[in-house]
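In the numbering used here, the protein residues as written are -13 to 172. Reading through the structure tokens given below for one structure.
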């Protein structure tokens, strides 16, 4: 079974835990807002997520990272051996639009991850009636794949987009493994 480690990062109160619970089909912590202290790891298995994987099963670890900067000293340990980063933010809060640049810099650029290993989720809280059309992101964030999340209105669309993202991460992992094997052979 192959392990896939995905970090959920972003500002406090962006909805990282709600999304991680939903996407991993966990019911843990449903209810009122409780800030994540450090990190919370949700594990789930998804057999045969990739048609090209010939029976390979995957164990996904969603690392729901607390958004409080007081945990910054823990970030290097969280980043170790991660395969992808999901940056979650509330597009209705102007401060979040500025903060996600810092999250991208720390968790994607400094780790030398590819932009294809990053997913941006503009998470619209219930009742926000969020505008999904007029979101302008600064460079380099505007190059990333962005999805709008409204678990009230289109929850399965969010899940479907996340599964596409996971498939792209698996393909990247398989390509890297193949390159490593070829370098050993030659």
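Cβ atoms here follow ideal geometry from the backbone N, Cα and C, with glycine treated the same way.
Simplified DSSP state of residue i, which is helix, strand or coil
{"i": "residue 124", "result": "coil"}
{"i": "residue 3", "result": "helix"}
{"i": "residue 47", "result": "strand"}
{"i": "residue 155", "result": "helix"}
{"i": "residue 81", "result": "helix"}
{"i": "residue 138", "result": "coil"}
{"i": "residue -12", "result": "strand"}
{"i": "residue 171", "result": "helix"}
{"i": "residue 28", "result": "strand"}
{"i": "residue 132", "result": "strand"}
Beta carbon of residue i nearer than 7 Å to that of residue j
{"i": "residue 51", "j": "residue -5", "result": "yes"}
{"i": "residue 6", "j": "residue 64", "result": "no"}
{"i": "residue 57", "j": "residue -3", "result": "no"}
{"i": "residue 104", "j": "residue 71", "result": "yes"}
{"i": "residue -7", "j": "residue 68", "result": "yes"}
{"i": "residue 106", "j": "residue 8", "result": "no"}
{"i": "residue 12", "j": "residue 28", "result": "yes"}
{"i": "residue 1", "j": "residue 109", "result": "yes"}
{"i": "residue 147", "j": "residue 133", "result": "yes"}
Opposing strand residues paired with residue i [DSSP bridges]
{"i": "residue 104", "result": "71"}
Distance cut-off 6 Å: residue i Cβ against heavy atoms of the ligand PLP
{"i": "residue 53", "result": "You won't find the ligand PLP in this model; it holds no ligand whatsoever."}
Inter-residue CB distance, residue i and residue j (contact presumed, cutoff 8 Å)
{"i": "residue 35", "j": "residue 153", "result": "6 Å"}
{"i": "residue 77", "j": "residue 121", "result": "5 Å"}
Burial state of residue i, where buried means 16 or more other Cβ atoms lie within 10 Å
{"i": "residue 125", "result": "exposed"}
{"i": "residue 171", "result": "exposed"}
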